[in-house]
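Visitor: Here you go, one structure.
Number of protein chains: 2
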Amino acid sequence: MIQPRPRTIPEATVARLAVYLRVLSGLADGGRTTVSSGELASAAGVNPAGLRKDLSHLGSCGVRGVGYEVRALRERIARVLGAEQSRACVLVGIGNLGTALADYAGFGSRGFRFVGLFDAAPAQVGQEIGGLTVQPMTELEATVTAHEASIGVIATPAEVAQQVCDRLTAAGVRSILNFAPVTLTAPVGVDVRPVDLSVELQVLAFLGQQRSARAAEVTA
Amino acid sequence: MIQPRPRTIPEATVARLAVYLRVLSGLADGGRTTVSSGELASAAGVNPAGLRKDLSHLGSCGVRGVGYEVRALRERIARVLGAEQSRACVLVGIGNLGTALADYAGFGSRGFRFVGLFDAAPAQVGQEIGGLTVQPMTELEATVTAHEASIGVIATPAEVAQQVCDRLTAAGVRSILNFAPVTLTAPVGVDVRPVDLSVELQVLAFLGQQRSARAAEVTA
DNA sequence: GCGACTTTGTTCCTGCGTTCACAAGCGGTT
DNA sequence: AACCGCTTGTGAACGCAGGAACAAAGTCGC
Numbered sequence: 180m181i182q183p184r185p186r187t188i189p190e191a192t193v194a195r196l197a198v199y200l201r202v203l204s205g206l207a208d209g210g211r212t213t214v215s216s217g218e219l220a221s222a223a224g225v226n227p228a229g230l231r232k233d234l235s236h237l238g239s240c241g242v243r244g245v246g247y248e249v250r251a252l253r254e255r256i257a258r259v260l261g262a263e264q265s266r267a268c269v270l271v272g273i274g275n276l277g278t279a280l281a282d283y284a285g286f287g288s289r290g291f292r293f294v295g296l297f298d299a300a301p302a303q304v305g306q307e308i309g310g311l312t313v314q315p316m317t318e319l320e321a322t323v324t325a326h327e328a329s330i331g332v333i334a335t336p337a338e339v340a341q342q343v344c345d346r347l348t349a350a351g352v353r354s355i356l357n358f359a360p361v362t363l364t365a366p367v368g369v370d371v372r373p374v375d376l377s378v379e380l381q382v383l384a385f386l387g388q389q390r391s392a393r394a395a396e397v398t399a
Numbered sequence: 180m181i182q183p184r185p186r187t188i189p190e191a192t193v194a195r196l197a198v199y200l201r202v203l204s205g206l207a208d209g210g211r212t213t214v215s216s217g218e219l220a221s222a223a224g225v226n227p228a229g230l231r232k233d234l235s236h237l238g239s240c241g242v243r244g245v246g247y248e249v250r251a252l253r254e255r256i257a258r259v260l261g262a263e264q265s266r267a268c269v270l271v272g273i274g275n276l277g278t279a280l281a282d283y284a285g286f287g288s289r290g291f292r293f294v295g296l297f298d299a300a301p302a303q304v305g306q307e308i309g310g311l312t313v314q315p316m317t318e319l320e321a322t323v324t325a326h327e328a329s330i331g332v333i334a335t336p337a338e339v340a341q342q343v344c345d346r347l348t349a350a351g352v353r354s355i356l357n358f359a360p361v362t363l364t365a366p367v368g369v370d371v372r373p374v375d376l377s378v379e380l381q382v383l384a385f386l387g388q389q390r391s392a393r394a395a396e397v398t399a
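Same order as they appear, the protein sequences are chains V and X. Just so you know, we're using the numbering used here here: the first sequence kicks off at 180 and counts up by one. Just so you know, we're using the numbering used here here: the second sequence kicks off at 180 and counts up by one.
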C-alpha cells in the first residue's frame, strides 16, 4: 500500500510553506478571496513554478483558470505544518533576545505557546513578560514535564548553552532552537536548529563583497 | 589569465566557513595550535569530507599527516570572509530584538561595527546602547552617507519595514538583514536576507512532527 | 452551447551540493 | 636513509532542488 501523498516534504519547501502561510494570512485580512500562483509567488519572493511545485506536495488545492482560494489554502498549509494545534514551548535565557522572543506575538498565531520562561539570574526571576512569569532554572524540568513541552528555545550565553541543552533533552524536549553561538551536541532523535545571527550577517557581507568585486572587475 | 582560485564560493560553504571561524577562535583561545579535519568537523557539526572541500575553496592550507594550524587557518578564513576589515552597519528598530542586536558583542569581533541606531518612537531616542545613542529616523540618511554604511539591519515592526528598506537602499545601503516578518522588495543590486524567527520555529516543529509520525508508523 | 483564454499541475532537464573513496604528501620511527 | 601510518586534497557519483516548458482543466465571452 502506497500513500498517495508521500510523507516526506523537502525541508526547503517547508520553510517556504511557512512564508506562504504568512502571506496568505495577510491577504485574508485584506479581504482577498482568491489569488493566483504568480501573485502569491511575487508576494513571497519566489518563482511561480516553484511555488506550484511546493503546493503540489500537499495535493491539488487550486482551481485551474482561477487560482487558489485564500482561506482554504491557508488552512491546508496550516494543517500540514501543524500550526492549527497548539505546541508547548519553553524559553531559556531572558536577556534582550529572550525577552524579544517571549514578547513576539507572531508565535501565538502560528500555533506556538510559551509555557515557561527561565533564567539563571535572580534579577530576572519574577519578572512578567508576555503574560508569563520568569522562573528560576530549578523549575525547568517540572514545567517541561507538566506541559509536555516538546520544543525548547535557547537564548542564553554560549557558555551555558550546552548544559541547558542537556537538561532540556533529559526532560523530554525533542526539538531545540538554538540562538547561542555554539554548536550543540544532542542525542539522536533530538533536532537542534541553530540560528546564528552573526553567521547570517557574515554571509550577507560576503555576498555584498563578492558582488562589489564582480562589479569592479567588469568596469576594469 | 585564469584566477587560480575561483571567485565564486557557494553560499552554503560561506555559512559554514563562518561557523568554522567561530570554532577556531574558541580553539585558539584554548591554546590549541593544530587541529585535524575530523576534530574540527565534529566541533562544527558537519561531515569531515565536506569540511575539507569547503576549505579547499580557499587554497591548500593544511599539512598532510598533521592537520591545520589553528591561527593560520583562522586568519585565512577571516580574510576571505572579509572579517578583518571593519564594516559599518546601521540598525533600525530599537525594540527588544534591536536592543539585543545592538548589545551583542559577537558582531564586533567579526568585523561589524554599528555606526547608527535608529527608532521612530521618541521614547527610544536618546537612549544609549552598547556605546551608541539612539537617533531619530530623520538622521538615517545623513549617518549612512557619513559613514558609508553598506549594511543595514531592520528590526522594526512589519508594517514599516518596507519603508525603512526603501530609505536604506536610497541612501546607498547594499546589503540588508531583515528580521521583520515580511518579504521585502528591493532594487536589483541590493541583497536582502530574511531571518524569520517564526519560520525557523515552524520548520523545527514540522521536522519534529514528521519524526514522531515516522516513529509511530514503525511501531504500528 | 461552443470556443478561446487563463491558470494549475506535472514532467523533464539542468545545475548544484553532498558524500564517498582514493591518490598524494608529510612526519615519525627504526 | 627508508618505511609506515596518518591526514589532506581532489575526482567521481549520487541525490536533490530549481527552472522551464507543456498538457489538463475550468471559466468567461459570444
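Note that CB positions come from ideal geometry on N, CA and C, so glycine has one too. Being a predicted model, the structure only gives us computed values, none of them experimental.
For X:Ser221, does the three-state DSSP call read helix, strand or coil?
Guide: On the second sequence, position 42 is the one that residue 221 of chain X refers to. X:Ser221 falls in the helix class under three-state DSSP.
Visitor: CB V:Leu230 to CB X:Phe286, shorter than 8 Å?
Guide: Stepping through the first sequence from its first residue, residue 230 of chain V is reached at position 51. Stepping through the second sequence from its first residue, residue 286 of chain X is reached at position 107. Contact flag unset, no.
Visitor: What residues in the segment 275-299 of chain X bring their beta carbon closer than 8 Å to a beta carbon of chain V?
Guide: Listed in sequence order: Asn275, Leu276, Thr278, Ala279, Leu280, Asp282, Tyr283, Gly285, Phe286, Arg289, Gly290 and Phe291.
Visitor: Going along the segment 342-358 of chain V in order, which residues come within less than 7 Å of chain X, judged by CB to CB distance?
Guide: Under the 7 Å Cβ criterion, the segment 342-358 of chain V contributes Arg353, Ser354 and Leu356.
Visitor: Considering only their Cβ atoms, is the gap separating V:Arg266 from X:Ala384 smaller than 8 Å?
Guide: Sequence index remark: in the second sequence, residue 384 of chain X carries index 205 (1-based). Sequence index remark: in the first sequence, residue 266 of chain V carries index 87 (1-based). It is a contact, given that the beta carbons lie within the stated cut-off.
Visitor: Just the C-alpha distance for X:Gly345 and X:Leu356, rounded to the nearest angstrom, thanks.
Guide: On the second sequence, position 166 is the one that residue 345 of chain X refers to. On the second sequence, position 177 is the one that residue 356 of chain X refers to. The sequence shown places Asp at residue 345 of chain X, not Gly. Going from the Cα of X:Asp345 to the Cα of X:Leu356 covers about 13 Å.
Visitor: Considering only residues of the same chain and omitting the five flanking positions on each side of V:Gly277, which have a CB-CB separation below 7 Å?
Guide: As a position in the first sequence, residue 277 of chain V is number 98, starting the count at 1. Once the five neighbours on either side are set aside, the close Cβ partners of V:Gly277 are Leu270 and Ala334.
Visitor: Which residues share a DSSP beta bridge with X:Asp298?
Guide: Numbered from its first residue, the second sequence carries residue 298 of chain X at position 119. The partner list for X:Asp298 (beta bridge, DSSP) reads X:Pro315.
Visitor: For X:Val259 and X:Ala207, I'd like the C-alpha separation in whole angstroms.
Guide: Translated into the one-based positions of the second sequence, residue 259 of chain X becomes position 80. Translated into the one-based positions of the second sequence, residue 207 of chain X becomes position 28. Those two C-alpha atoms are separated by around 19 Å.
Visitor: Could you give the distance in angstroms between the alpha-carbon of X:Ser329 and the alpha-carbon of X:Gly241?
Guide: Translated into the one-based positions of the second sequence, residue 329 of chain X becomes position 150. Translated into the one-based positions of the second sequence, residue 241 of chain X becomes position 62. Cα to Cα, the separation comes out at about 34 Å.
Visitor: Check whether the segment 316-323 of chain X and the segment 358-366 of chain X touch, using three or more Cβ-Cβ pairs below 8 Å as the test.
Guide: No: the two stretches stay apart, fewer than three of their Cβ pairs being nearer than 8 Å.
Visitor: With three or more C-beta pairs closer than 8 Å as the rule, is the segment 243-250 of chain V touching the segment 245-257 of chain X?
Guide: Output reads no: the segment 243-250 of chain V does not touch the segment 245-257 of chain X.
Visitor: Name, in chain order, the residues that DSSP records as bridge partners for V:Phe293.
Guide: Counting from 1 along the first sequence, the entry for residue 293 of chain V is found at position 114. Beta-bridge pairing links V:Phe293 to V:Cys268.
Visitor: Would a C-beta distance cut-off of 8 Å place X:Phe293 and X:Gly272 closer than the cut-off?
Guide: Residue mapping note: residue 293 of chain X aligns to position 114 of the second sequence, counting from 1. Residue mapping note: residue 272 of chain X aligns to position 93 of the second sequence, counting from 1. Their beta carbons are not under 8 Å apart, which means X:Phe293 does not touch X:Gly272 by this criterion.
Visitor: Whether or not the segment 216-234 of chain V and the segment 187-196 of chain V are in contact is what I'm after, with contact meaning three or more pairs of Cβ atoms, one per stretch, closer than 8 Å; do they touch?
Guide: Yes, the segment 187-196 of chain V touches the segment 216-234 of chain V.
Visitor: Whose Cβ in chain V lies nearer than 9 Å to the Cβ of X:Gln381?
Guide: Counting from 1 along the second sequence, the entry for residue 381 of chain X is found at position 202. Those within 9 Å of X:Gln381 in chain V are Val193, Ala194, Leu196, Ala197, Leu200, Leu260, Gly261, Ala262, Arg289, Gly290 and Phe291.
Visitor: Which one of X:Ala262, X:Leu237, X:Ala251 and X:Cys268 has the shortest CA to CA distance from X:Val214?
Guide: The residue labelled residue 214 of chain X in the question sits at position 35 within the second sequence. That would be X:Ala251, whose Cα lies nearest to the Cα of X:Val214.
Visitor: Please list the residues of the segment 206-221 of chain X that have a C-beta atom closer than 9 Å to any C-beta atom in chain V, keeping them in chain order.
Guide: Within the segment 206-221 of chain X, the qualifying residues are Ser221.
Visitor: Taking the straight line between their C-alpha atoms, what separation do you get for X:Val313 and X:Ala222?
Guide: Position 134 of the second sequence, counted from the start, is the residue given in the question as residue 313 of chain X. Position 43 of the second sequence, counted from the start, is the residue given in the question as residue 222 of chain X. Near 38 Å, if we compare the C-alpha coordinates of X:Ala222 and X:Val313.
Visitor: Chain X beta carbons: is any one of them nearer than 8 Å to that of V:Pro366?
Guide: Taking the first sequence and counting its residues from 1, the one referred to as residue 366 of chain V is at position 187. Cβ-Cβ to chain X under 8 Å: no for V:Pro366.
Visitor: Run down chain V in chain order and give the residues with a C-beta less than 9 Å from the C-beta of X:Glu190.
Guide: Position 11 of the second sequence, counted from the start, is the residue given in the question as residue 190 of chain X. Neighbours of X:Glu190 on chain V, chain order: Val382, Phe385 and Leu386.
Visitor: List the residues that DSSP assigns as beta-bridge partners of V:Tyr247.
Guide: Locating residue 247 of chain V in the first sequence gives position 68, where the first residue counts as 1. DSSP lists V:Val214 and V:Gly241 as partners of V:Tyr247.
Visitor: In the DSSP assignment, the beta strand (DSSP E) including V:Arg372 goes from what residue to what residue?
Guide: Locating residue 372 of chain V in the first sequence gives position 193, counting from the first residue. From DSSP, the beta strand (DSSP E) with V:Arg372 extends over Asp370 to Pro373.
Visitor: Mind pulling the chain X residues with CB within less than 7 Å of V:Arg398?
Guide: Position 219 of the first sequence, counted from the start, is the residue given in the question as residue 398 of chain V. In the sequence under discussion, the amino acid at residue 398 of chain V is Thr, which differs from the Arg named in the question. Within 7 Å Cβ-Cβ: nothing; V:Thr398 doesn't reach chain X, min ~14 Å.
Visitor: Helix, strand or coil: how does DSSP classify V:Leu356 here?
Guide: Reading the first sequence from its first residue, position 177 is the one you call residue 356 of chain V. Note: V:Leu356 maps to strand in three-state DSSP.
Visitor: I'd like to confirm the pairing. Which residues does DSSP put opposite X:Val332 in its beta bridges?
Guide: Mapped onto the second sequence, residue 332 of chain X falls at position 153. The partner list for X:Val332 (beta bridge, DSSP) reads X:Leu270 and X:Leu356.
Visitor: Compute the beta-carbon to beta-carbon distance between X:Gly274 and V:Ala279, rounded to the nearest angstrom, for a pair I have assumed lies under 8 Å.
Guide: Numbered from 1 along the second sequence, position 95 holds the residue referred to as residue 274 of chain X. Numbered from 1 along the first sequence, position 100 holds the residue referred to as residue 279 of chain V. 7 Å between Cβ atoms; contact.
Visitor: For V:Ile330, go through chain X and note every residue whose CB falls closer than 9 Å to its CB, in chain order.
Guide: Locating residue 330 of chain V in the first sequence gives position 151, counting from the first residue. Those are Leu380, Leu383, Ala384 and Gly387, listed as they occur along chain X.
Visitor: Closest to X:Arg289 by CA distance: which of V:Val382, V:Ser391 and V:Thr187 is it?
Guide: Numbered from its first residue, the second sequence carries residue 289 of chain X at position 110. Nearest C-alpha to X:Arg289: V:Val382.
Visitor: Which whole-angstrom value describes the C-beta separation of V:Gly261 and X:Gln388, a residue pair presumed to lie in contact below a C-beta threshold of 8 Å?
Guide: Here residue 261 of chain V is taken as the residue at index 82 of the first sequence, counted from 1. Here residue 388 of chain X is taken as the residue at index 209 of the second sequence, counted from 1. Contact holds; Cβ gap of about 5 Å.
Visitor: Decide if X:Ala325 is buried, meaning its Cβ has at least 16 other Cβ atoms within 10 Å, or exposed.
Guide: Counted from its first residue, the second sequence places residue 325 of chain X at position 146. It is exposed - the Cβ of X:Ala325 has fewer than 16 other Cβ atoms within 10 Å.
Visitor: Under 7 Å Cβ to Cβ from V:Ile181, same chain only, skipping five residues before and after it: list those, please.
Guide: For this step, residue 181 of chain V is matched to residue 2 along the first sequence. Any reading at V:Ile181 must be qualified, since the residue scores a pLDDT of 34, below 50, and its modelled position is unreliable; the value itself is stated next. No residues qualify anywhere along the chain.
Visitor: Check the Cβ-Cβ distances between X:Ser239 and every residue of chain V, and say whether any is below 8 Å.
Guide: Position 60 of the second sequence, counted from the first residue, corresponds to residue 239 of chain X. Chain V, which has no Cβ nearer than 8 Å to the Cβ of X:Ser239, makes this no.
Visitor: With distances taken between CB atoms, is the gap from X:Leu200 to X:Ala257 smaller than 8 Å?
Guide: Stepping through the second sequence from its first residue, residue 200 of chain X is reached at position 21. Stepping through the second sequence from its first residue, residue 257 of chain X is reached at position 78. Contact: yes.
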